[in-house]
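Just so we're aligned, residue 132 is where the sequence shown starts under our numbering, counting upward by one.
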Amino acid sequence: MEFSGSSSKILKARSKGAQAGNNPDPNLAIECSDVWIDEMRYRMAVAFLSSTWEKCSAELSKLFSALKNAECNRRNRVKELLIKAIQRQERLWLGLPSTIQPVLKDLIEWPMERKIVEEDVQTSIRARAQSILKEETEHKKASETKSKSNGLSGIDQNEGNFELSSPLVSNLMTNAKVIEKRSGLIGAWKVTLGVVTSDNFLQLFELPSNSKMQPGSAPEVAFQNLIPPVIVPTLEIMRAGGVKFPCTKHWFDNLIPSESIALPNSMVSFKDDKMPIFEISETVLTSGASKMFTKTLNRKIMFRAVTRQEAEDFVNTLKGAE
């Protein structure tokens, strides 16, 4: 993580020159990145892949079972049709008993027990899998002879089975809370997941409208609502018309923060002494044509917690990261 752009040391060094009274110097506004965002996306990508693989494995098992049943039914039906065909030929060509009788005997004695059929099908599948594995091994050896790079060359990615814990237990995060936010004086209050990171950022995630989350809800539940459910095509779905791909949204769209506030460039204050409402004023660098008039601008965002105590605890965390 030290080589991926962590900016906590830079922020702390520059924040020492801030003016007294927690008022950030406009000239101290800096552009920096948050390592927790990269780590969070990696963890959720692995977790989403694991969930997808589990559900796909279950559907593949059902598919193999359906194929076995279909193969058993097909062989039984073929057997019945062949027996009827041979019996009819026997009636028509009574002059060929020496040919008909051995064939009819072999068809009647053809084993159709389910166990035998499944073993036969399983042997065919195993033989094909070994053939594919052999081809992949030969291809891998050819690729390894061409590649001379170091690093991850000795790691077999095909055997990877990674299971990571939630990003909310990461050492790069200091606090998380489901609160309400409002931009401007007339904007509507929106339920938001706020995450304070060790790189001195406040990351805000917009919760989907169908999540039905309320202020004060568990951050773990809110974070799970940022990820859509895994939809694996089943036989019933495919018969009904299938799953339409590609979707208009990616599964990770809600994992992109709607707002990233650099706390060393910000000032946190309560609106009054009783209400659980506080305001963050951040000094940000201007862009575009605005650079011709001023180097920095102030943006203000209001937040509301459920109780005054919760608001004070969250504000203390924010001020400790300044």
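Idealized CB from N, CA, C, for every residue including glycine.
Every value quoted in this text rests on a predicted model; they were computed, and no experiment measured them.
Rounded to whole angstroms, the gap between the alpha carbons of residue 445 and residue 170 is 23 Å.
By the C-beta criterion, the region 198 to 208 is judged not to be in contact with the region 348 to 366, since fewer than 3 inter-stretch pairs fall below 8 Å. Secondary structure of residue 426 (DSSP, three-state): coil. DSSP places residue 186 in the uninterrupted alpha helix (DSSP H) bounded by 166 to 223. Short of 6 Å from the beta carbon of residue 439, and not among the five residues preceding or following it, lie these beta carbons of its own chain, in chain order: 407.
Contact check for residue 324 and residue 167: beta-carbon distance about 13 Å, past the 8 Å limit, so the pair fails to qualify.
For residue 448, the CB contacts under 7 Å within the same chain, skipping 5 residues up- and downstream, are 305, 306 and 327 in chain order. Between the C-alpha atoms of residue 400 and residue 182 there is a straight-line separation of about 42 Å.
Going by C-alpha positions, residue 330 is about 27 Å away from residue 381. Annotated as distal: residue 332 and residue 386, with beta-carbon spacing of 8 Å or more. In this structure, residue 206 and residue 234 do not form a Cβ contact; the two beta carbons are roughly 17 Å apart against a cut-off of 8 Å. Nearest Cα to residue 416 within the set 432, 397, 409 and 403: 397.
For residue 325, no alpha helix (DSSP H) segment is defined; the enclosing uninterrupted segment is the beta strand (DSSP E) at 321 to 328. Look at residue 306 here: in three-state DSSP terms it is strand. Taking every protein chain shown into account, the CB of residue 334 has 16 or more other CB atoms within 10 angstroms, so this residue is buried. Between residue 320 and residue 435, the gap from beta carbon to beta carbon is short of 8 Å. Looking at the DSSP output, residue 410 shares a beta bridge with 400 and 433. Around the beta carbon of residue 310, a 10 Å sphere encloses 16 or more other beta carbons of the protein chains shown; the residue is thus reported as buried.
The C-beta of residue 339 has fewer than 16 other C-beta atoms within 10 Å across all chains shown, which makes the residue exposed.
Scanning its chain for C-beta atoms nearer than 6 Å, with the 5 sequence neighbours on each side dropped, one finds around residue 313 the residues 320 and 433, in chain order. Here residue 242 is exposed, its C-beta having fewer than 16 other C-beta atoms within 10 Å. Residue 383 and residue 211 have their alpha carbons spaced roughly 54 Å apart.
Distance from the CA of residue 418 to the CA of residue 345, rounded to the nearest whole angstrom, comes to 35 Å.
Between residue 237 and residue 246, the alpha-carbon positions lie close to 20 Å from each other.
DSSP lists no beta-bridge partner residue for residue 340. Taken atom to atom, the span from the alpha-carbon of residue 258 to that of residue 354 is near 44 Å.
Leaving aside the five residues that flank residue 214 on each side, the residues in its chain whose CB is nearer than 6 Å to its CB run, in chain order, 238. Secondary structure of residue 332 (DSSP, three-state): strand.
Linking residue 351 to residue 265 through their CA atoms gives a straight-line distance of about 44 Å. The closest CA to that of residue 298, considering only 177, 185, 362 and 430, is found on 177. Burial is judged here by how many other beta carbons sit within 10 angstroms of a residue's own beta carbon; residue 267 has fewer than 16 and is exposed.
When DSSP states are grouped into helix, strand and coil, residue 316 belongs to the coil group.
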